[in-house]
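In our numbering, the protein residues as written are 42 to 181. In what follows, a single structure is set out as structure tokens and then discussed.
Written out as structure tokens, the structure is:
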């Protein structure tokens, strides 16, 4: 979640800390979102639909850089994946929503005939990083 600052002052001082996605959406501020078809937030839109919520979206932008530029320019706030924090922009503060927004399913495929030690290590790390193991063993 990003919030913009102008001259060191927070524009939306009462927005944070947020605990849930619903709290974010219920705030009466302008929101910037990627279009529904963008792959990095489809689960968020599914949550909106399930909760019968329509966020007050004033602008859709395809690229995260564009959204961050709009936030930095003081247009509004946005909900973005955590990796957007790697794109540091002056005047943009990143805040985390405490409650997980969505779950991403991960599938790992490999050729059974080429099972190398490095693959074994990768699978072990993948299982450790994900709380649940949904590794699908599939011959290609």
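For each residue, glycine too, the CB sits at the ideal point set by N, CA and C.
- Residue nearest to residue 106 within the set 119, 154 and 136 is 119 (criterion: CA-CA distance).
- Bounds of any beta strand (DSSP E) do not take in residue 137, whose DSSP letter is neither H nor E.
- Less than 9 Å separates the beta-carbon of residue 123 from that of residue 137.
- Assigned with DSSP and collapsed to three states, residue 168 falls in helix.
- With respect to the 9 Å criterion, residue 130 and residue 102 are not classified as neighbours on the basis of their beta carbons.
- For residue 98, the three-state secondary structure derived from DSSP is strand.
- For residue 107, the enclosing alpha helix (DSSP H) starts and ends at 105-113.
- Within the model, the alpha-carbon separation for residue 152 versus residue 160 is close to 10 Å.
- Residue environment analysis places residue 111 among the buried positions, since at least 16 neighbouring C-beta atoms fall within 10 angstroms of its C-beta.
- Ranked by Cα distance from residue 100, the first of 94, 150 and 108 is 108.
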